[in-house]
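Below: the structure, in structure tokens.
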Amino acid sequence: MSAAAKARRQLSRRRAWRLALRYVAAVTLTVMFLFPIYWLFSISMKTPEEIFASPPVWYPASIQFDNFRALFRGGDAVTVWNSLFIASVSTALAMFLGTLCAYSLSRFKTGGDNLAIWIISQRMIPPIVIVFPLFLLYVWLGWVDTYHGMILLYTAFNLPYVIWMMRGYINDIPIELEESALVDGCTRWQVLVKVVFPMARTGLFATAVFTFVFAWNDFIFALVMTRSEVTTYPVQVTHYFGGQSNFWAKIAAMSVLGAAPVFVAVAFLQRYLVRGISMGAVKG
Amino acid sequence: MSILASDGGSRLSRFSDRNFKYLVVAPAILILLLFGIFPLIYTLLVSFQNINMMETDTSFSGLLQYRLLFSDARLWQSLGHTLLIAAIALPIELIAGLLMAILFLERLPGRQLFVSLLVLPTMIAPIVAGATWRLLFDNRFGPINQVLGWITGEPQAILWTIKPDYVYPAILIAEVWQWTPFMFLILLAAMSNVDSSLTEAAEIDGASPLRIFRRIVLPAIWPVMTIALLIRGLDLFRLFDVVWALTQGGPGTMTETISIYAYIQGFRQFETSYTAAIAFLVIIMLTVSVMFALKRMEFVR
Amino acid sequence: MKMLTAIISGVILAATATTAAAQSAADRAVEAAKQFAGSEISIVWEAGLQSLDPLNFSGPRWEELTGIKVKVIEVPTSEMFTKILQEHRAGTGAYDALNVIPSWMPDLVNAGALEVLDPYVDKYGYRSELDSILATYRDNQMKVDGKIYGFPDDGDLFILYYRKDLFEDATNMAEFKAKHGYDIGPPQTWEEYADIGQFFTDKFAPELYGAGQFRQPAYGIWLFEERFRNTGGRFFDPDTMRATINDSAGVATFEGMRNDNAFMPPGVESWGFVEALSSFLLGDIAMTISWPPFGRWAAGYGTDDDALSWVPKTTIAGKVGYALPPGGSPQLAAGFSLSVSSSSPNKEAAYLFIQWLNSEEISLQRVQLPYALRDPFRESHFTDPEYLSRWDDAPAYLQTLREGADAGLLDLSILQIDKYEEVLRQATSRLWAGEEVQTILDDAAAQWDALTDRIGVDKQRAAYSDWAAKPNAYPK
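Residue numbers (this note's numbering), protein chains in the order written: chain P, 1 to 284; chain G, 1001 to 1301; chain S, 2001 to 2476.
So, in structure tokens, the structure goes:
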């Protein structure tokens, strides 16, 4: 066999070896990271005896959905719907207003550095410290325990993130396209809709996913700002940590219900995620 | 750049076109103002008063609360705890995320599946993640002590959420588990954007992988990395849910973060004015640090 | 003729008067509430199982009878005080009726959050049914400064549950007598408790341990307050108002608690209500101390109900004995009273609802709901034939509860009690962390003193002496 052929065979064997190792590593990592989620899942399907068995049972003897049924019967599942509604609308609103704002910051440098820094500083403040004054504000406005109150709250909560990220994505879009569209006679608004939004599509998706997740998973604001009408699912989960009762089954089932929509969204959008995150927030 | 539409159009559309840049920022800024300014002003005012559980005395009390701040050991300890957690978690998340990104950079069968699965921990509500880990660490119902027992050959009864030696590891494990995928995703995306022609050329020239990384890859992903670190750092500073679910700041006040302390002072003890003073202290500290960090980042490109 | 009319009308008047008087408080409440038909009142209730009462039973019944809708606002116990005070501070008027833990009542009253109920009680003639509440609860969980602010609605206390089958087993009895020199029986003192616990653990571990209990810091206040007082401890020096929890009784209490963990299942320091319940029901521990629901569920009462599907099925039905905890003076831990928020826009309707809930007729049904966490609190609850027949040992169970209530010890209740309790919770967590007992207690006492100074020594002294004067403050 020629030396070149031998070298090629060695190279491909090394590559195959490396691939196998990487595969093993990938699988191990996935198992490690998913194990807690699996555990949560399994609790949601266990019987009380299995849940309280010691030493712990690793998989339920049979898959049964009683725990989920209990949630739907008791009306607790509506909190997942509340979360879904509030998170979706606030995400849409934040994405729309935030992207507009980001466009202005990117193309026109509106407000300069100071505005940009002020915007990102809004995200720094620990929610704990502003939640009570916000509660008072909401009482005055009559927005406590309302859908629109929570939607606006999460929109405001997420705007800095959206603006910051989208500014980076928009910075990456070559400006020539917009300029030629303007020359062709488009108004600024048309430029936005016809040129910018399509070009920033992957960035939009990526940002939207995390924006949705932040609104979906919030606990502190929901705890203080809702009473009974608009309870969201993280708050509902804490109801199950009672002083005289710990509904592990319900906690797990509710967590699964609460995590499911997000998992589904990620599954659909994950190809945008990887491509999209990349271009974001790079050039600051 | 400012080529305006010059033909036709109503006065309104010309107006909206000219003031375009202001009109588009207006809604967002207004919302941020509403939610940002009012709490700030309120907090500032209240911090100069003396409102607590029993008193609603709104008269001016000067720097009373701020003076209390400086003699409050528990406050500074909680800041210390918060910084400790951040200082340990952040590098781990960064390095682990980096390694994972490198692992998944090249082609791998089913890569998309792996990536979307690995992202799941970040998607769970932090309070749920904390509750899950509390169950995992539980001595009676959790598998971790069980597995440890298998490995070491004798039953382990480590009380992860109670014994001082184990509470920080428990918190860090839960926190790193949840947020390493976040870093991983961001770094993966950044690294896949690095011009492969550059790295290939370097490889042909005989440069070692480490050198390629340091000289080519790292500078390219530096901007993204620093933003991600900034975001994670800020989130770690606000850490509440996970610690609350695992230890409630215990044992004693050993794992109390600044958010937990503020929560207890504000919501349990109703020390409204004192909490406002803490809030202001935190805001100022964060503002200074972030401005410092941002200025440095803007210049390093 | 006039005479006849007079006599007849007199008789009719007398008849209606008697029926009116015989009309129960529940009925009176319903009648009076009908004028508010179509409105909605909100009530704050402990989240979880407790809320099933108004959600599944009392709320719908009330709506049926009066046309008033009941909105149940579920709040986790640890958040209840916060949310009530917060809403009051913000003046929202969002809450109409409230569930309040009695030890918080002085603080809430001082903050002006609770409505005085005396005028309503007189208006709707509820005094007599209030009097028939068990003396311990009636005299201690109803009034602040002589005025009525809440109706005691839950007979919470700690009971010692033990496996009488194990205690009555001949071999166990003989072995124990040989080892310790006295007959095994429900422990009267904490030393006996340790003897018995260690005995069973030595003999049967790891299948069975001598005892188990919830030990989490959240329960620390009750664990400490009960054992401390039964060991002769007093919380404060009544004259100087300095905390005396770090004296020898305090040290003995904390050290005893820690030493007892040795014969309890490993990891017991992290146990909550559920861990203790499940291990007892599954037969893993021989003794436990907890609230009344343990006894009902151990007997299998109500565990078939959907709401209790999360409770493991009992394996020890019929094998459970009931006794008072060591020392003989059980903690009247927590409890609930029904109150009306002072900023409610529907005070009258809210009042009528709680009168109805608390009345003889309705409360009897409520304490027997299988998923109920409400425990007997009226004389009639303990003598009700239906309750007595619920399971074989029900009479013994109710008897023990009754004795416990009489001998019970109140939760400490002084100004800003939540802050003092927070200190105890943290002391408990430090105890489990392994720190030195005297240090922990000295720190706790110092923190208590600092709190007292901040609140005002004279004010607190007055509050404490009021509380300490109650018959159930310290063991008799």
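Heads up, the beta-carbon is just placed ideally off N, CA and C, and yes, glycines get one too.
So the alpha helix (DSSP H) residue i belongs to, where does it begin and stop?
i, result
"S/E2275", "F2273 to L2281"
"G/M1254", "No alpha helix (DSSP H) contains G/M1254, which DSSP labels as neither H nor E."
"G/N1052", "First-last for G/N1052: undefined, no H or E at that position."
"G/Y1263", "I1258 to Y1263"
"P/I128", "P127 to L141"
"S/L2324", "Run containing S/L2324: none; DSSP gives neither H nor E here."
"G/I1221", "L1218 to F1237"
Locate the beta strand (DSSP E) running through residue i, then write down its first and last residues.
i, result
"S/E2040", "E2040 to E2046"
"S/A2286", "I2285 to S2290"
"S/A2097", "A2097 to V2100"
"S/K2069", "K2069 to V2075"
"S/L2338", "S2337 to V2340"
"P/A61", "That residue, P/A61, is in no beta strand (DSSP E); it is neither H nor E in DSSP."
Count the other CB atoms, across all protein chains shown, that sit within 10 Å of the CB of residue i; report buried if there are 16 or more and exposed otherwise.
i, result
"P/I151", "buried"
"G/G1008", "Unreliable placement is indicated for G/G1008, whose pLDDT of 47 sits below 50; the coordinate value is still reported in the next sentence. Result: exposed."
"G/T1199", "buried"
"S/Y2322", "buried"
"S/A2037", "exposed"
"P/Y59", "exposed"
"S/Q2023", "exposed"
"S/D2122", "exposed"
"G/W1177", "buried"
"S/G2146", "exposed"
"S/F2294", "buried"
"P/H148", "exposed"
"S/P2060", "exposed"
"S/N2099", "buried"
Assuming residue i contacts residue j (C-beta within less than 8 angstroms), just tell me the rounded distance between them.
i, j, result
"S/I2133", "S/P2292", "Not a contact, Cβ separation roughly 16 angstroms."
"S/D2535", "S/A2243", "Outside the modelled stretch of chain S, which goes from 2001 to 2476, sits residue 2535 of chain S, for which no answer is possible."
"S/F2336", "S/D2154", "4 angstroms"
"S/G2048", "P/F247", "7 angstroms"
"P/P36", "G/I1127", "Contact flag wrong, Cβ pair sits at about 14 angstroms."
"S/A2427", "S/I2440", "5 angstroms"
"S/G2197", "S/F2280", "The pair is not a contact, with the Cβ atoms about 14 angstroms apart (cut-off 8 angstroms)."
"P/F157", "G/A1125", "Actually they are not in contact, since the Cβ atoms of P/F157 and G/A1125 sit about 15 angstroms apart, beyond 8 angstroms."
"G/A1129", "G/V1242", "6 angstroms"
"S/W2104", "S/I2417", "7 angstroms"
Per DSSP, what kind of secondary structure is residue i in: helix, strand or coil?
i, result
"S/L2049", "helix"
"P/T146", "coil"
"S/S2058", "helix"
"G/N1019", "coil"
"S/L2308", "helix"
"G/P1109", "coil"
"S/S2024", "coil"
"G/S1273", "helix"
"S/Y2124", "coil"
"G/G1142", "coil"
"S/Q2035", "helix"
"S/V2144", "strand"
Could you pull out every residue in the same chain whose Cβ sits closer than 7 angstroms to the Cβ of residue i, ignoring the five residues on either side in sequence?
i, result
"P/S106", "R167, I170 and N171"
"G/M1001", "Interpretation of G/M1001 is limited by its pLDDT of 37, a score under 50 that renders its predicted location unreliable; no figure is taken from the coordinates."
Take residue i and list the residues in its own chain whose beta-carbon comes closer than 6 angstroms to its own, dropping the five residues that flank it on each side.
i, result
"G/W1133", "A1174"
"S/D2442", "N2246"
"S/F2382", "P2376, L2398 and R2402"
"P/T99", "M166"
"S/E2421", "I2221"
"S/A2299", "A2317 and W2391"
Report all residues from its chain with a CB closer than 8 angstroms to the CB of residue i; omit the five preceding and five following residues, and keep chain order.
i, result
"P/M279", "Caution is warranted here: a pLDDT of 48 is assigned to P/M279, below 50, making its placement in the model unreliable, and no coordinate value can be reported."
"S/A2473", "L2409, L2410 and W2467"
Let me check you understand the geometry: is the CB of residue i closer than 6 angstroms to at least one non-hydrogen atom of the ligand ZN?
i, result
"P/V224", "With respect to the ligand ZN, the structure shown offers nothing to examine, as it has no ligands at all."
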